[in-house]
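Let me begin by presenting the structure, written as structure tokens, before commenting on it.
Protein chains: 2
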Amino acid sequence: MAQPDTDGKKKWVYAFAPGSAEGGADMAELLGGKGANLAEMATLGLPVPPGFTITTEVCDAFFAAGNKLPEAFKADVMQALDNVGDTVDARFGDDKRPLLVSVRSGSRASMPGMMDTILNLGLNDKTVEGLAALTGDSRFAFDSYRRFIQMYGDVVLGVDHGAFEDILENFKNLNGFAADTDLDEESWREIIADYKAAIEREHGQPFPQDTSEQLWGAIAAVFNSWYNPRAETYRRLHDIPDDWGTAVTVQAMVFGNLGDNSATGVAFTRNPSTGEREIFGEYLPNAQGEDVVAGIRTPQPLTRKGARDAPGTSLEAAMPGAFNELRQIFDQLERHYHDMQDVEFTVQLGKLWILQTRSGKRTTEAALKIAVDLAAEGLISQDEAILRIEPTQLDQLLHPAIDPSADHDLIAKGLPASPGAASGEIVFHSEMAEALKAKGKDVILVRSETSPEDVQGMHAAVGILTARGGMTSHAAVVARGMGRPCVSGAGTLRIDTSAGTMRAGARIFKSGDIISIDGSTGRVYAGKAKMLPPQLSGTFATVMEWADGARRMKVRTNADTPRDARQAREFGAEGIGLCRTEHMFFEEGRILAVREMICAEDEEGRQQALDKLLPVQRADFEELFEIMAGLPITIRLLDPPLHEFLPHEDREAAQVAAALGMDLMRLKARVAELEEFNPMLGFRGCRLGIKYPEITRMQVRAIFEAAINAQRKTGQAVRPEVMIPFVAYRREFDVLRRVITETADAVQRDMGVEIPYDVGTMIELPRAALRAADIAGGPAGADFFSFGTNDLTQTALGLSRDDAAPILSNYLEHEVISTDPFVTIDQRGVGELVKIGTERGRAAKPDLKTGICGEHGGDPKSIAFFESIGLDYVSCSPFRVPIARLAAAQAAIKRREAARLRASPEQE
Amino acid sequence: MAQPDTDGKKKWVYAFAPGSAEGGADMAELLGGKGANLAEMATLGLPVPPGFTITTEVCDAFFAAGNKLPEAFKADVMQALDNVGDTVDARFGDDKRPLLVSVRSGSRASMPGMMDTILNLGLNDKTVEGLAALTGDSRFAFDSYRRFIQMYGDVVLGVDHGAFEDILENFKNLNGFAADTDLDEESWREIIADYKAAIEREHGQPFPQDTSEQLWGAIAAVFNSWYNPRAETYRRLHDIPDDWGTAVTVQAMVFGNLGDNSATGVAFTRNPSTGEREIFGEYLPNAQGEDVVAGIRTPQPLTRKGARDAPGTSLEAAMPGAFNELRQIFDQLERHYHDMQDVEFTVQLGKLWILQTRSGKRTTEAALKIAVDLAAEGLISQDEAILRIEPTQLDQLLHPAIDPSADHDLIAKGLPASPGAASGEIVFHSEMAEALKAKGKDVILVRSETSPEDVQGMHAAVGILTARGGMTSHAAVVARGMGRPCVSGAGTLRIDTSAGTMRAGARIFKSGDIISIDGSTGRVYAGKAKMLPPQLSGTFATVMEWADGARRMKVRTNADTPRDARQAREFGAEGIGLCRTEHMFFEEGRILAVREMICAEDEEGRQQALDKLLPVQRADFEELFEIMAGLPITIRLLDPPLHEFLPHEDREAAQVAAALGMDLMRLKARVAELEEFNPMLGFRGCRLGIKYPEITRMQVRAIFEAAINAQRKTGQAVRPEVMIPFVAYRREFDVLRRVITETADAVQRDMGVEIPYDVGTMIELPRAALRAADIAGGPAGADFFSFGTNDLTQTALGLSRDDAAPILSNYLEHEVISTDPFVTIDQRGVGELVKIGTERGRAAKPDLKTGICGEHGGDPKSIAFFESIGLDYVSCSPFRVPIARLAAAQAAIKRREAARLRASPEQE
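Residue numbers (our numbering), protein chains in the order written: chain Z, 2 to 909; chain C, 2 to 909.
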């Protein structure tokens, strides 16, 4: 809040200078984010260029008065400006030692680039000469002046910036100059004259030579920019109220180009690539910040150590005083901010000025090391260390990556559907992928889109590339589940499977050509890209261990194969939350029996086929139970529509008919009979088992025989969880629970072993969520709920995952949604259903186990939501298990923190 | 509750006799439904055969004692039996005037046919001779005796009834008898001897000659039948608790075959076909009830008037005393029961006995007349009259019907998908249907299933028959909307469109063969069936008028065409609740422009095609606005997936490509591009308009230009309601509301007329129901919600309507559901979403208009639910408007009644 001045007037202006500031970090409401931060840095004693902040209350007064600056505050500003001049030995408007200032906006919330900024204010025809003399660099002085005129003309006086660009372009053309750097002092003088003439012509008034007039104009312009369309749109999108207004910060300009005892640079307090505790960064002697950006001169290293690997004298050697001051400031900053900092600094005539400090960006590896080190140094707690890591970043560590420093031949860009990178020969057919893999080749399976029939081929491939489908298309989901890199929806590629070609613009790639894909970026390259292998450091293990100690929710994995299960256990999975039995059905040697079962004329025929499937399915489960060694496994009964298993192309149908000794027409008739308008909403899930209980019986027998065998072998108690999919009505659950119980009882009797087991259901339909109390309640209700948020999202939103990609991209464009609802759960819609289902289920059965097995189980934002509604576990694909462990820990820490704050509001 | 007797013992037995009864209609808990009703009839003074009821408490005691009758109550029974004998001048076990009784079960809730009954109890080797002497009909007496032995042997002694049937069959075969009626007294005597031998052999004990022993055995058997599997299943399905138990009623048998002054008959107090107030029915002199059923003798009319049209002497003439007594009793019954009664009576030796009275079944026409007359006679109120009509019965009146009295050649049975009947030539192609219609032929369109491309053909046909699809398949929904009779899902038919044949078993029907379908029963006949035309009586109008006065909800119609709109207004629709603009798109002369629009390369191309559609769409709307003359019309923006409009067969695709001057491959590519895995969850609804706002602009322009033109023409103020379909997010609504507002403003400016309008949305996705407050709230939220319960059912249940038929039939079989959720709303699932949507929407916007436009809008049970949650209106297909008006009135009356009861619980 604004403090009344001694004479009762409100305080309009808050000054800051090294070692002292009016206001501090907690006054962003009044001073804006920037002003508050500068005040804090100043209070810390950092050598920030002095300045002052004009409060948001002045902004209010400005608009209340009809876009007029209150006269009363001008004297305060002039006084503050004098104090600034004293600090830097300069004076505003002075010909000899002119004080130049920047004028910037500063809202309570960050609105990067949305409002206006003016630099070098205070230059005029006279002070520019002073600056030239002072710096000994006339060219720099006049270039600065023309920049200021241009900026001021555009922002304050409303002269179209095109006018200035035209003048400069014309001048360069007339004089044969290519770059701005070709222009000398004289050239800039001429341009300045033209600029001033343009302003007088367009604006009707000359460019103001009175530096005070310049200042009032600039302050008013910044205030007015609060209502520019760019800023208004930004506020609407980010729910920032109009009446917050903006503060204005006026700060002395400092120059790193005043000779050899001046410099400018950027530094990190620790190594942002490795996380090592060492000063890292670069500087340019006798230069301004723009010179670094322009890239004309090669920056030099900061430290002697750094100079061993890079050319040029280090700052440490060239300006030991400034360097030592910088080093001390870095320690101070880390102690204050408790994090690695990214600092911009300028040395002006030997004096160090800190322009900005903020948390530094870093690689995942560095993030882990810094967090662990900061905790070891006592600067942060373990909980804080956990919170410092962005969970999705871990992906980088778990997969090989394409070396970003190498040159690659980019041919297309799709969606980063499954992380990791791979190089291999193009193949267009799944069978070919398997055949080539058998020969030891690395292949990339390239398809317009994939279907369940491609699963074996995807497994055989080192990577998958599709032209159609989104982040949650079949290709993407299966690839993530398998841990295969995948780029999906690379829409510019034209894939002709029958011709065996892939067109990328004018280029044509054929079967056998080598390409590389980067599933973390969606990029596709011609040829073999240079790879970086995955590396899991000790700090990774430390952070995971801390996370496991902090989280409440268990983390399971979605795994259908021994390979997935092993991978997931390596990554720390605490069980299998979803084992999809149908994936097993597609494997060679089984699919034929599955097809025989589907095409059977009667129950007897089905039973014959099921008898063939029983031993293979049992063997699959047995291996899974052995690998998971007593950890819980939720096995879902057959779910997908049966026609997914049948051949849809004539050639294949003929082969299958021959193999089954079946009339081709009858096979085709069965395929046609099972075809559906909307298979997602069709004959699938529990509907299959209710119609053909013999399928359920076979699966349950396989599960229990496998469980008992595995238990005998490993000595670990096994407790199978049998999951009934796609339930909407309690009675569906009852019908199948009875089949399960009868079969399980029979197996236990036959084998003479009793094992405890649970029967639960997937909650993946809105009706199931609403009727959760029915489904869990009473005797023999569901023992567990596993929320199938993929299908729940499809049904709640009325959006087919396989058809969603073009719709979602249009919706992202129109800001209907901000994130893909198949990636991050739609909390307010789908999330409410999960919440309702959990609450009602638990009200009916307090010890109901609840978890999630949709794609959202591996998404940190979604995991935070699941923590907030108290689910017992999340289950995700193997490669997301570490991410989920970390995200679950963060969610739990934040929830505890929030609970603590609620419990003791007075403490805060 | 059982009253203690004077000596403190519980009262086990409640007697009844004409003019007096212990207990009454309100004691069903103790006496069972039957016992309570008999008590009530007796109390009224009706001449019911005397008897007594053994309470459910005896049943409890029976089971508590291990299936033993309490000794204490036997004396009471024998005393009651003596009293009964006194009343009818007979004695239990007496050789001369034997009292025969029936022993029947009677539960608190009706459980028809689930438990056991024994007739003619009291016959033995001696009393049968007395009965023979008394009736002068030995054959009758011995036939009755052998029936009793058979029934008793089966029910009480547990002898397999097959044993008795074998004896009878053998006897008939040996003696060359064809029918039971061929057997004389001697034959029955022989059979009785064989029956008794069979019992002694199977049961190990002789058939009991002691009539008391017979009675105790029969009572115990009835009690035991409470736990027979049939009864247990029935109770489970109807939630009847096991511990209710059953009462047992013992009642004197009376005989209408004791000579010429005896008779038996059935009468209605009013004419059940026409509703006329006249005694209606028939009787047989000197006969038992079985004789009427056996159909050997032709019954005679009751009244002299009836005798004018039927052969035989009337009861009125033959037995004037009994007839007059009957007439007085009928008046008394109607005054007491306030309804037309169906009465069974017997005259025994000149004395009239009433065996049963209940509300009589009647035709719809009679139901209307009786209700109106009873109200006019002051016997019931108008509200009660309204409640007396089963709304769905009205369907019979609104469509022609197949004459049930004529013989027809039934060839298949499907679902009664759209009521009414039709005869016509078989056609298999929609184009052929149109061509033949143009030649004046009546055709039945026969398809495996229909798609939107068939709409014109369906319109041209007089009826539709499909082999696939349920009550809410495309064929069914469109047919109901059009008022075309439809039989869907006639699964035994094999339709081969290319061969032009329909196989029904071994019979083959070809194009041009005449068939008839009855959409009210699902029956399909070969040849032209005899039809009854629809007739709307004055009483229909009266009931509708009363209903309109009683209901709270408005009734609108779903209508897309002027024909539908006119029909619906005739049936009393108060507006259009759903006008689907896409149906207009399929009409000839438009579909090409629609296809051009869909296949356009860019917005400009789309706009060119839309410019062609604008005038036709405007003309459609204009006619609708004129017909509805100021009544509200909700127009839904384009909803279905675009590929529904494109040709899918090669031949048609080539034609379309030629007509559009478009490359065939490009057309096919576009078709492929728009194809979706799950079109129901795909690129449709508001997603179309957000991607292609120019389509929305065209439609909105057409709506507003039409509205202003119609307003000018009719002078009636028009207030269009523009409906945005398939909304899940508020922002979708906002994006399209802006397009609508801008276009509507432009039209109003252009035409210089301002008209008020509303913009609302269909709530047809679970997310929309949950986020209803977002969608309705704040400035420019939705002005109305129309619940699209078809799609809401599909998404909430995860069940595609077009694929549901086989799943639902399996579910009905397994009792997962009791009614098709697409016909009657799933209250506990989908209904909760409608309720949530209504509550949250109204909380955010109190004056939000709410209605329903799914198929459920025409279903009485669903309408009752919509009344209970306070929707403002329902909208249904034109032919269901009268049904909805009546159902809405009934729902409102019941709701008011319930509210009244809640308000004054003490009164009741």
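Beta carbons: idealized from backbone N, C-alpha and C, even for Gly.
request  = Counting only runs of 4+ residues fully inside the region 859-909 of chain C, write out the alpha helix (DSSP H) ranges in chain order.
outcome  = Correct list: 861-869 and 882-904.
query = Apart from the five residues just before and just after E454 of chain Z, which ones in its own chain have a Cβ nearer than 6 angstroms to its Cβ?
reply = Nothing listed; no residue qualifies.
>> Is there a Cβ of chain C sitting closer than 7 angstroms to that of T234 of chain Z, yes or no?
In response: False, the Cβ-Cβ gap to chain C never drops below 7 angstroms.
### Task
Identify every run of the beta strand (DSSP E) within the region 150-217 of chain C, keeping only runs that are complete inside it and at least 3 residues long; order them along the chain.
Counting whole runs of 3 or more residues, the region 150-217 of chain C contains no beta strand (DSSP E) stretch at all.
Going along the region 598-623 of chain Z in order, which residues come within less than 7 angstroms of chain C, judged by CB to CB distance?
-> So the list is empty, because no residue satisfies the distance condition.
Could you pull out every unbroken alpha helix (DSSP H) segment of at least 4 residues lying fully inside the region 469-555 of chain Z, listed in chain order?
-> Annotation: the region 469-555 of chain Z contains the following complete segments of the alpha helix (DSSP H) (minimum length 4 residues), in chain order: 475-483 and 539-551.
On the criterion of 16 or more Cβ atoms from any shown chain inside 10 Å, does K555 of chain C qualify as buried, or is it exposed?
Answer is buried; the Cβ neighbour count reaches 16.
task: Return no unless some Cβ of chain C is closer than 7 angstroms to the Cβ of Y338 of chain Z.
output: Not an interface residue.
Does DSSP put T796 of chain C in a helix, in a strand, or in coil?
DSSP places T796 of chain C in the helix class (H, G or I) of the three-state scheme.
- Only counting runs of 3 or more residues, tell me where the beta strand (DSSP E) segments fall wholly within the region 78-139 of chain Z, in order along the chain. When DSSP assignments are scanned along the region 78-139 of chain Z, the uninterrupted stretches of beta strand (DSSP E) that are 3 or more residues long and fall wholly within it turn out to be 102-108 and 118-122.
_chain Z contact residues for F727 of chain C, given Cβ-Cβ distances below 8 angstroms_ = Annotation: Cβ neighbours of F727 of chain C in chain Z (cutoff 8 angstroms, chain order): G799.
**Prompt:** How many angstroms separate the CA atom of D167 of chain C from the CA atom of D195 of chain C?
**Reply:** One C-alpha to the other measures close to 11 angstroms.
Original post:
Does the beta-carbon of H400 of chain Z have 16 or more other beta-carbons within 10 angstroms, so that it is buried, or is it exposed?
Top reply: Classification for H400 of chain Z: buried.
**Interface residues of chain Z facing T1 of chain C [CB-CB closer than 9 angstroms]** = Because chain C is modelled from 2 through 909, residue 1 of chain C falls outside the range shown and cannot be assessed.
Check your understanding: Between the region 808-827 of chain C and chain Z, which residues of the former have CB atoms less than 9 angstroms from a CB of the latter, in chain order?
Key -> Residues passing the 9 angstroms Cβ filter: I808, N811, Y812, H815, E816, V817, I818 and D827.
**Report entry** Close Cβ partners of T715 of chain Z (< 6 angstroms) along its chain, the five nearest in sequence each way excluded
**Finding:** Apart from sequence neighbours up to five positions away, the residues of its chain that approach T715 of chain Z with a beta-carbon distance below 6 angstroms are E627 and A630, ordered along the chain.
- Message: Helix, strand or coil, according to DSSP, for R772 of chain C in the structure here?
- Response: Correct three-state label for R772 of chain C: coil.
Item to complete: Determine the extent of the alpha helix (DSSP H) in which M763 of chain Z is found, giving its start and end residues.
Response: M763 of chain Z: not part of any alpha helix (DSSP H); member of the beta strand (DSSP E) spanning D759 to I764, first to last residue.
query = When you compare only the Cα positions, how much space is there between Q383 of chain C and D27 of chain C?
reply = Annotation: Q383 of chain C to D27 of chain C spans about 26 angstroms, alpha carbon to alpha carbon.
Name the chain C residues that come within less than 9 angstroms of G415 of chain Z, Cβ to Cβ?
-> Using a Cβ-Cβ cut-off of 9 angstroms, G415 of chain Z is close to nothing in chain C; its nearest Cβ partner there is about 17 angstroms away.
Cβ-based contacts, 8 angstroms cut-off: residues of the region 670-681 of chain Z near chain C
When C-beta distances to chain C are compared with 8 angstroms, the residues of the region 670-681 of chain Z below that value are E677, F678, N679, P680 and M681, in chain order.
What's the C-alpha gap between I756 of chain C and E743 of chain C? Cα to Cα, the separation comes out at about 14 angstroms.
Does the beta-carbon of H857 of chain Z have 16 or more other beta-carbons within 10 angstroms, so that it is buried, or is it exposed? H857 of chain Z is classed as buried because its beta carbon has at least 16 other beta carbons within 10 Å across all chains shown.
Practice task
From the DSSP output, in three-state form, read off G257 of chain Z for me.
Solution key: Note: G257 of chain Z maps to coil in three-state DSSP.
Practice item. Classify G20 of chain C as helix, strand or coil using the three-state DSSP reduction. Key: Residue state, collapsed to three classes: coil.
Assign D561 of chain Z to one of two classes, buried (16 or more other C-beta atoms within 10 Å of its C-beta) or exposed (fewer than that).
D561 of chain Z is buried by the Cβ-count criterion.
Report task. Could you spell out the range, first to last residue, of the beta strand (DSSP E) harbouring R841 of chain Z? Result -> Per DSSP, R841 of chain Z lies in no beta strand (DSSP E) segment; the continuous alpha helix (DSSP H) that holds it begins and ends at E833 to A845.
> Rounded to a whole number of angstroms, what is the C-alpha to C-alpha distance between D6 of chain Z and A773 of chain C?
Replying inline: With a pLDDT of 47 at D6 of chain Z, under the threshold of 50, the modelled position of this residue cannot be trusted; read the value that follows with caution. So the two alpha carbons sit approximately 51 angstroms from each other.
In this structure, does DSSP put T365 of chain C in helix, strand or coil?
In the three-state reduction of the DSSP assignment, T365 of chain C falls in the helix class, which pools H, G and I.
*Taking all protein chains shown into account, do 16 or more other C-beta atoms lie within 10 angstroms of the C-beta of P861 of chain Z, making it buried, or fewer, making it exposed?*
By the 10 Å Cβ count, P861 of chain Z comes out buried.
Starting from S787 of chain Z, trace the beta strand (DSSP E) in both directions and tell me its first and last residue. Going by DSSP, S787 of chain Z is part of the beta strand (DSSP E) stretching over F785 to F788.
Just to make sure I have the definition right: I need the residues of chain Z whose C-beta is within less than 9 angstroms of the C-beta of T796 of chain C. Which are they? For T796 of chain C, the chain Z residues whose C-beta falls within less than 9 angstroms of its own C-beta are L682, L766, P767, Q795, T796, A797, L798 and G799, listed in chain order.
Helix, strand or coil, according to DSSP, for S315 of chain C in the structure here?
Three-state DSSP puts S315 of chain C in coil, outside helix and strand.
Requested in this report: Work out the CA separation of E695 of chain C and R702 of chain C for me, nearest whole Å.
Outcome: If you take the alpha carbons of R702 of chain C and E695 of chain C, they lie about 10 angstroms apart.
Would E856 of chain C pass as an interface residue toward chain Z - the criterion being a Cβ-Cβ separation below 7 angstroms? At a cut-off of 7 angstroms between beta-carbon atoms, E856 of chain C makes no contact with chain Z.
Per-residue burial, S876 of chain Z [other beta carbons within 10 Å of its own, 16 or more giving buried]
When all chains shown are included, S876 of chain Z counts as buried.
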